[in-house]
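Asks:
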Amino acid sequence: MKISSLELNNFRNYTNTKTKFEDGVNFIVGANAQGKTNLLESIYIMSVGKSPKNSKDKQIIKFGADKAKVSCDFKTIAGNKNIQIYFDKSDKKAIKINNLNILKLTELVGILSVVYFSPDELKLIKEVPEDRRSFLDVSISQFDKPYLYNLLKYNRILKMRNQILKNFDSVESKKEQLKLFTPQLIDTAEKIIEKRLIFIENLKNIAKDIHKTITLTENLEISYSYNKKENLSIKQDLEKEFEKIIDKELELGYTCIGPHRDDIIFKVNDLDCKHYASQGQQRTVALVVKLSLMEVIKNEIGEYPILLLDDVLSELDENRQSRLLDLCVKYQTLISCTAIPTLDKPYNQIKVENGKVI
Ligand SMILES: Nc1ncnc2c1ncn2[C@@H]1O[C@H](COP(=O)(O)OP(=O)(O)OP(=O)(O)O)[C@@H](O)[C@H]1O
Ligand SMILES: [Mg+2]
19 MKISSLELNN FRNYTNTKTK FEDGVNFIVG ANAQGKTNLL ESIYIMSVGK SPKNSKDKQI
79 IKFGADKAKV SCDFKTIAGN KNIQIYFDKS DKKAIKINNL NILKLTELVG ILSVVYFSPD
139 ELKLIKEVPE DRRSFLDVSI SQFDKPYLYN LLKYNRILKM RNQILKNFDS VESKKEQLKL
199 FTPQLIDTAE KIIEKRLIFI ENLKNIAKDI HKTITLTENL EISYSYNKKE NLSIKQDLEK
259 EFEKIIDKEL ELGYTCIGPH RDDIIFKVND LDCKHYASQG QQRTVALVVK LSLMEVIKNE
319 IGEYPILLLD DVLSELDENR QSRLLDLCVK YQTLISCTAI PTLDKPYNQI KVENGKVI
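Read the sequence shown against my numbering and you will find it ends at 376, with the numbers running on by one and no gaps.
#1: Report yes if the C-beta distance between Ile-113 and Leu-130 is below 8 Å; otherwise report no.
#2: Within 8 Å, do at least three Cβ pairs link the segment 52-70 to the segment 339-359?
#3: Helix, strand or coil: how does DSSP classify Thr-124 here?
#4: Have a look at Ser-251, Ile-182 and Lys-222 and flag the residue whose alpha-carbon is nearest the alpha-carbon of Lys-209.
#5: State buried or exposed for His-293, treating a residue as buried only when at least 16 other CB atoms are found within 10 Å of its CB.
#6: Any heavy atom of ligand 2 inside 7 Å of the beta-carbon of Lys-54?
#7: Please confirm whether any heavy atom of ligand 1 lies closer than 7 Å to the CB of Asn-27.
#8: Inspect the CB distances between the segment 131-147 and the segment 277-292 and report whether three or more fall short of 8 Å.
#9: Whole angstroms are fine: how far does the CA of Lys-226 sit from the CA of Glu-248?
#10: Unbroken beta strand (DSSP E) runs of length 3 or more, entirely within the segment 204-272: which are they?
#11: Quick one: what's got a C-beta closer than 7 Å to Leu-26's C-beta in the same chain, skipping five residues either side?
#12: Should Asp-149 be listed as close to ligand 2, given that the test is whether its C-beta is under 7 Å from any heavy atom?
#13: Decide if the segment 262-270 is in contact with the segment 306-314; the criterion is three or more beta carbon pairs, one per stretch, under 8 Å apart.
#14: Runs of 4 residues minimum, wholly inside the segment 137-197: which ones carry the alpha helix (DSSP H) assignment?
#15: DSSP puts Asn-100 in a beta bridge; with which residues?
#16: Are the CB atoms of Val-43 and Tyr-365 within a distance shorter than 8 Å?
#17: Is the closest heavy atom of ligand 1 to the C-beta of Asn-11 under 7 Å?
#18: Would you say Ile-63 and Ile-115 are within 8 Å of each other, going by their C-beta atoms?
#19: For my contact list, Asp-106 and Asp-84 are in at a C-beta cut-off of 8 Å; report their separation, rounded to the angstrom.
#20: For Asp-155, which residues from the same chain have a beta carbon less than 7 Å from its beta carbon, with the 5 sequence-adjacent residues on both sides left out?
#21: Thinking Pro-164 and Arg-214 are a contact (beta carbons under 8 Å), I'd like their distance in whole angstroms, please.
#22: Can you tell me which residues form a DSSP beta bridge with Asn-34?
#23: To the nearest angstrom, report how far apart Gln-300 and Ser-23 are at their CA atoms.
#24: Look at Gln-367 and Val-47 and say whether their C-beta atoms are less than 8 Å apart.
#25: Could you tell me if Ser-332 is buried or exposed, where buried requires 16 or more neighbouring beta carbons within 10 angstroms of its beta carbon?
#26: Could you compute how far the alpha carbon of Val-286 sits from the alpha carbon of Lys-192?
#27: Go ahead and pull the three-state DSSP assignment for Gly-371.
#28: By Cβ distance, which residues of its chain are closer than 7 Å to Thr-94, with the 5 residues on each side in sequence left out?
#29: Based on the DSSP secondary-structure assignment, which residues constitute the bridge partners of Ala-86?
#30: Would you mind working out which of Asp-162, Ile-376 and Met-178 sits nearest Ile-319, comparing C-alpha positions?
#31: Where does Pro-70 land, buried or exposed, given buried means 16+ other C-beta within 10 angstroms?
#32: Please go through the same chain and pick out, in chain order, the residues whose beta-carbon is closer than 8 Å to the beta-carbon of Cys-390, but skip the five residues on each side of it.
#33: Along the chain, where does the alpha helix (DSSP H) that runs through Lys-76 open and close?
#34: Taking the beta strand (DSSP E) that Cys-355 belongs to, which residues open and close that run?
#35: With distances taken Cα to Cα, identify the nearest neighbour of Phe-436 among Phe-135, Arg-30 and Thr-356.
#36: Taking the DSSP output, what are the residues bridged to Tyr-294?
Here is the structure:
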């Protein structure tokens with residue numbers, strides 16, 4: 019997949035900007051606070067429908083303006099496409115794909131495929147399980163729409179089940195009501211867990227190799243952590259566990275097991291990265307995971323997504339920069355930086371200054 023052009027109107031610090039991109043490596047270069055991250059953010063929003071910083075739509079409209087628009091043209095194996103998003107301070111955002119309005123955000127997911135990495139992505143390793151589940155969900159949804167719909171269904175059932183667990187009915191009445199929701203929850207949970215297991219299985223083998231190439235000596239293991247007992251199917255397991263845990267759930271007032279509680283474990287040389295890896299090791303693992311995701315998505319959709327790298331070069335030594343850029347030339351990669359490293363490879367350069375591409 020390749021973005022050929024991008025247009026920003028009143029988006030963050032951009033008033034009115036148009037720019038083109040080339041295949042291979044594109045450096046987005048400029049001093050601090052000029053708009054490099056904002057430019058990458060706009061592309062991410064057109065892929066996933068929300069900001070990687072979790073900003074509200076209102077926050078991305080230029081100070082003093084009431085509306086904003088982002089738009090891009092891109093090439094895919096299925097033909098040329100265009101996405102436009104209109105933001106309005108007093109209304110919901112409107113999205114057009116190839117000039118046709120879409121009604122639900124879920125229709126946008128998977129159209130423009132991107133993999134995004136910024137120093138913030140360290141949260142994938144360091145922070146709470148929710149960040150890792152969000153990585154799973156956003157990644158799998160990019161190539162598997164049924165997964166996304168199933169996830170939304172799961173969240174709806176979970177919400178209803180939790181309402182029952184914490185309402186003021188008698189325990190007997192609650193148990194009766196749960197008889198309807200628990201099997202539905204287990205059915206959707208099973209589908210989610212199955213897909214996450216396949217995804218992690220594919221990701222971990224690729225990640226192990228890329229990680230070895232970059233670190234030369236370290237061994238990376240990735241696994242999905244969930245409620246699993248020997249010799250039972252996922253469904254049987256969940257059924258058994260839900261039976262066991264019901265009194266505790268009634269006491270606590272929420273659903274204690276299921277994919278909304280699962281996690282990913284990253285281990286380097288047998289040690290859990292979250293607790294033992296150095297900052298540099300954690301950063302390397304997070305970057306390796308994103309590079310591996312490029313391969314996993316390519317295997318699923320038949321072409322590479324666009325790689326967006328925000329501020330990664332400043333964090334790597336010269337050797338690692340060079341090895342990373344060697345890997346990036348085969349994708350369309352957009353890399354923000356304050357200065358372009360010395361390179362013997364061809365690249366395109368986009369200079370950003372005070373909210374303008376110059
Ligand atoms: N809604 C907005 N309207 C106008 N300006 C904004 C808005 N949101 C953010 N900005 C400004 O955009 C500027 C550029 O931000 P950005 O994060 O893109 O910088 P950058 O070029 O990536 O810098 P760095 O090298 O420090 O990462 C910031 O100074 C910020 O104050
Ligand atoms: Mg930045």
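Every residue gets a Cβ at the ideal spot worked out from N, C-alpha and C, and that includes glycine. These figures come from a predicted structure and were not determined experimentally.
Replies: In short, the structure shows the following:
#1: Along the sequence shown, one-based indexing puts residue 113 at 95. Along the sequence shown, one-based indexing puts residue 130 at 112. For Ile-113 and Leu-130, no; Cβs fall outside 8 Å.
#2: Under the 8 Å Cβ criterion, the segment 339-359 counts as touching the segment 52-70, having at least three qualifying pairs.
#3: If you number the sequence shown from 1, residue 124 lands on position 106. Reduced to three states, the DSSP call for Thr-124 is helix.
#4: For the purposes of this step, residue 209 is taken as residue 191 along the sequence shown, with counting starting at 1. The candidate whose alpha carbon is nearest that of Lys-209 is Ser-251.
#5: As a working note, residue 293 is residue 275 in the sequence shown. Result: exposed.
#6: Here the question's residue 54 lines up with position 36 in the sequence shown. For ligand 2, at least one heavy atom lies less than 7 Å from the Cβ of Lys-54.
#7: By one-based count along the sequence shown, residue 27 stands at place 9. Not so, every heavy atom of ligand 1 lies at least 7 Å from the Cβ.
#8: yes
#9: Position 230 of the sequence shown, counted from the start, is the residue given in the question as residue 248. Position 208 of the sequence shown, counted from the start, is the residue given in the question as residue 226. For Glu-248 and Lys-226, the distance between alpha carbons rounds to 26 Å.
#10: 238-243
#11: By 1-based counting over the sequence shown, the position of residue 26 is 8. Excluding sequence neighbours, Leu-26 sits near Tyr-32, Thr-35, Ser-60 and Val-88.
#12: The residue given as residue 149 occupies position 131 in the sequence shown. Flag unset: Cβ of Asp-149 not near ligand 2.
#13: no
#14: 141-144, 147-161 and 163-184
#15: The count along the sequence shown starts at 1 and reaches residue 100 at position 82. Paired residue(s): Asp-91.
#16: For the purposes of this step, residue 365 is taken as the residue at position 347 of the sequence shown. For the purposes of this step, residue 43 is taken as the residue at position 25 of the sequence shown. Their beta carbons are under 8 Å apart, which means Tyr-365 touches Val-43 by this criterion.
#17: No answer is possible for residue 11: it lies beyond the span of the chain, which begins at 19 and ends at 376.
#18: Along the sequence shown, read from residue 1 onward, the residue named residue 63 stands at position 45. Along the sequence shown, read from residue 1 onward, the residue named residue 115 stands at position 97. Contact flag unset, no.
#19: Position 88 of the sequence shown holds residue 106. Position 66 of the sequence shown holds residue 84. Contact flag correct, Cβ pair sits at about 7 Å.
#20: Reading the sequence shown from its first residue, position 137 is the one you call residue 155. Answer for Asp-155: Leu-169, listed in chain order.
#21: Position 146 of the sequence shown, counting from 1, holds the residue named residue 164. Position 196 of the sequence shown, counting from 1, holds the residue named residue 214. Contact flag wrong, Cβ pair sits at about 13 Å.
#22: Taking the sequence shown and counting its residues from 1, the one referred to as residue 34 is at position 16. Its beta-bridge partners are Asn-27.
#23: Counted from its first residue, the sequence shown places residue 300 at position 282. Counted from its first residue, the sequence shown places residue 23 at position 5. In a straight line, the C-alpha of Gln-300 is about 34 Å away from that of Ser-23.
#24: The residue given as residue 367 occupies position 349 in the sequence shown. The residue given as residue 47 occupies position 29 in the sequence shown. Closer than 8 Å, so yes.
#25: On the sequence shown, residue 332 is found 314 positions in, with the first residue counted as 1. Here Ser-332 is exposed: its Cβ has fewer than 16 other Cβ atoms, across all protein chains shown, within 10 Å.
#26: Locating residue 286 in the sequence shown gives position 268, where the first residue counts as 1. Locating residue 192 in the sequence shown gives position 174, where the first residue counts as 1. The straight-line gap from Cα to Cα measures roughly 45 Å.
#27: To locate residue 371, count along the sequence shown from 1; it is residue 353. This sequence places Glu at residue 371; Gly is not what is there. The answer is strand: DSSP assigns Glu-371 an E or B state.
#28: Along the sequence shown, one-based indexing puts residue 94 at 76. Excluding residues within five positions, the ones whose Cβ falls inside 7 Å are Met-19 and Glu-321.
#29: Stepping through the sequence shown from its first residue, residue 86 is reached at position 68. Paired residue(s): Phe-105.
#30: As a working note, residue 319 is residue 301 in the sequence shown. The candidate whose alpha carbon is nearest that of Ile-319 is Asp-162.
#31: In the sequence shown, the residue the question calls residue 70 occupies position 52. Answer is buried; the Cβ neighbour count reaches 16.
#32: Nothing about residue 390 can be read from this structure; the chain reaches only from 19 to 376.
#33: What you label residue 76 is simply residue 58 of the sequence shown in a count that begins at 1. It spans 75-78 - the alpha helix (DSSP H) in which Lys-76 sits, taken as one unbroken run.
#34: Position 337 of the sequence shown, counted from the first residue, corresponds to residue 355. That run of the beta strand (DSSP E) goes 351-355.
#35: The structure shown does not extend to residue 436, since the chain is modelled only from 19 to 376, so the question has no answer here.
#36: Your numbering for residue 294 matches position 276 in the sequence shown. Bridge partners of Tyr-294: none, in fact.
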